[in-house]
Amino acid sequence: MYLIELFNFAAVIHPFAEHIAYFMLFAIPLITTVVTRTASIASYAGYLAYIDFMNNMGHCNFECIPKAIFSTFPFLKYLIYTPSFHSLHHTQFRTNYSLFMPIYDYIYGTMDKTTDTTYETSLKREETSPDVVYLTHLTTPESIYHLRLGFASLASRSQSSEWYLYLMWPFTLWSVLVTWFYGQTFVLERNAFKMLNLQSWVIPRFHVQYLFKWQRETLNNLIEEAILQAELRKVKGDSLNKYGEVYIKRYPKLKIKIVDGSSLVVAIVLNSIPKEASQVLLCGKANKVSYAIVSALCERGTKVTTMYKDEYDSFRLKLSMESKKNLLFPGSYTAK
155 MYLIELFNFA AVIHPFAEHI AYFMLFAIPL ITTVVTRTAS IASYAGYLAY
205 IDFMNNMGHC NFECIPKAIF STFPFLKYLI YTPSFHSLHH TQFRTNYSLF
255 MPIYDYIYGT MDKTTDTTYE TSLKREETSP DVVYLTHLTT PESIYHLRLG
305 FASLASRSQS SEWYLYLMWP FTLWSVLVTW FYGQTFVLER NAFKMLNLQS
355 WVIPRFHVQY LFKWQRETLN NLIEEAILQA ELRKVKGDSL NKYGEVYIKR
405 YPKLKIKIVD GSSLVVAIVL NSIPKEASQV LLCGKANKVS YAIVSALCER
455 GTKVTTMYKD EYDSFRLKLS MESKKNLLFP GSYTAK
């Protein structure tokens, strides 16, 4: 449900005077408490936190307030606005003026007639299925602050250990405990590039947990559940940081394409080699990436020449009988 995308598209920018007006409006309660000598640090902190929370929630791209809340507490309908309520202000104009408290729109008759319908429709709208899912995991406990929900200044650059993050250790420890007991993959972020929808799913486990053998079964189960969930949602591709062969063998009828980072590297290398090339010289250390490149080149009929005998023997062991004839050693070291 992308309310901002569907209801809140406007090719205009907010003038600076509007920000000044917002500041003056939001300052009225603060100034009032100062004048009446009833101000306190707690009231200021609570007020600013509430204003900031409501402002961000109103511009959220999905409807996050369930209908049960308004059914149980009907008066909240006049005190709390919803993302769909505010989206109509940007599309219908001259309606839903109220910031955070719709009661004033009810009083002055400026509430849009389709407010309730839009709200219920937004709740019922099915979530858009992604085309590609990137399945990853947490690295270190401090890595949570590099997420979009963390610190924007940290999320905009590569992960690094900052001294002030140690001051956040109470919250960091709490997040570690939550991820330890929370056994379900969650969506980290959603991105849309023209007609392609992408999502990043996070396995709630840290990098160090992948080093423990007793965690292997739990990790495999989490990855397997994520793959099956992506299959049910008709995802076309799932990118893993590790091999996905075990899951393909376990579920041979999967329609989803499972790849890891190495597979993506192989695809880039193969696409960079001209199709008219008849022979390729392979240099460098033999690893899983080079094995995949050699196998793909030999299968499509390209001659591959290796520089060392041990590499030649190693590659031959993993090639099919049909592909072995395209692996050469010794041979010409001139790439064609």
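Its first residue numbered 155, the sequence shown is counted upward by one per residue in this note's numbering.
Glycine included, C-beta positions come from ideal geometry on N, C-alpha and C.
Just so we're clear, the structure is a prediction, and the values are computed from it rather than from any experiment.
Taking 7 Å as the cut-off, the Cβ atoms of residue 480 and residue 457 count as close. By the Cβ test, the region 213-224 is in contact with the region 265-280, since at least three Cβ pairs between them sit closer than 8 Å. About 6 Å separates the CB atoms of residue 269 and residue 239; that is less than 8 Å, so the two are in contact. When the alpha-carbon of residue 245 is set against those of 266, 403, 375, the nearest one is in 266. Within the model, the alpha-carbon separation for residue 382 versus residue 293 is close to 24 Å. Non-local beta-carbon contacts of residue 184 in its own chain, meaning distances under 8 Å to residues more than five positions away in sequence, involve 193, 198, 201 in chain order. Closest option to residue 483, judged by alpha-carbon separation, among 472, 464, 289, 455: 464. For residue 344, the enclosing beta strand (DSSP E) starts and ends at 340-347. Residue 243 counts as buried, since no fewer than 16 other beta carbons sit within 10 angstroms of its beta carbon. By the neighbour-count criterion, in which 16 or more other beta carbons inside 10 Å mark a residue as buried, residue 384 falls on the buried side. The Cβ atoms of residue 413 and residue 287 do not sit closer than 7 Å to each other. Residue 359 holds the alpha-carbon nearest to the alpha-carbon of residue 336 among 317, 308, 359, 350.
In its chain, beyond the 5 residues on either side, no residue has a beta carbon closer than 7 Å to the beta carbon of residue 191.
Residue 288 carries a strand assignment under DSSP once its states are collapsed to helix, strand and coil.
About 13 Å separates the CB atoms of residue 448 and residue 416; that is not less than 8 Å, and the two are not in contact. Comparing C-alpha distances from residue 213 to each of 460, 230, 378, 236 shows the shortest one belongs to 236.
Of the candidates 334, 348, 354, 380, 334 places its Cα closest to the Cα of residue 362. A distance below 7 Å separates the beta carbons of residue 452 and residue 477. In the assembly as shown, residue 420 is a buried residue. Its beta-carbon has 16 or more other beta-carbons within 10 Å. Comparing alpha-carbon positions, the option among 375, 228, 380 lying closest to residue 340 turns out to be 380. With respect to the C-alpha of residue 461, the residue from 474, 434, 230 having the closest C-alpha is 434. With 16 or more neighbouring CB atoms inside 10 Å of its own CB, residue 234 falls in the buried class. Residue 356 is bridged by DSSP to 290, 340. With distances taken between CA atoms, residue 311 lies nearest to 297 out of 278, 320, 284, 297. Using a Cβ distance threshold of 7 Å, residue 308 and residue 299 count as a contacting pair.
Between the alpha carbons of residue 205 and residue 227 lies a distance of about 21 Å.
For residue 412, there is no enclosing alpha helix (DSSP H); the residue is found in the beta strand (DSSP E) stretching over 411-414. Straight-line measurement puts the Cα of residue 430 at about 53 Å from the Cα of residue 217.
Cβ-Cβ separation between residue 290 and residue 354: approximately 6 Å, consistent with a contact (criterion under 8 Å).
For residue 457, the enclosing beta strand (DSSP E) covers residues 457-460. Around the Cβ of residue 345, a 10 Å sphere holds fewer than 16 other Cβ atoms; the residue is exposed.
If you draw a straight line from the Cα of residue 367 to the Cα of residue 405, it is about 24 Å long.
Per DSSP, reduced to three states, the secondary structure at residue 362 is helical.
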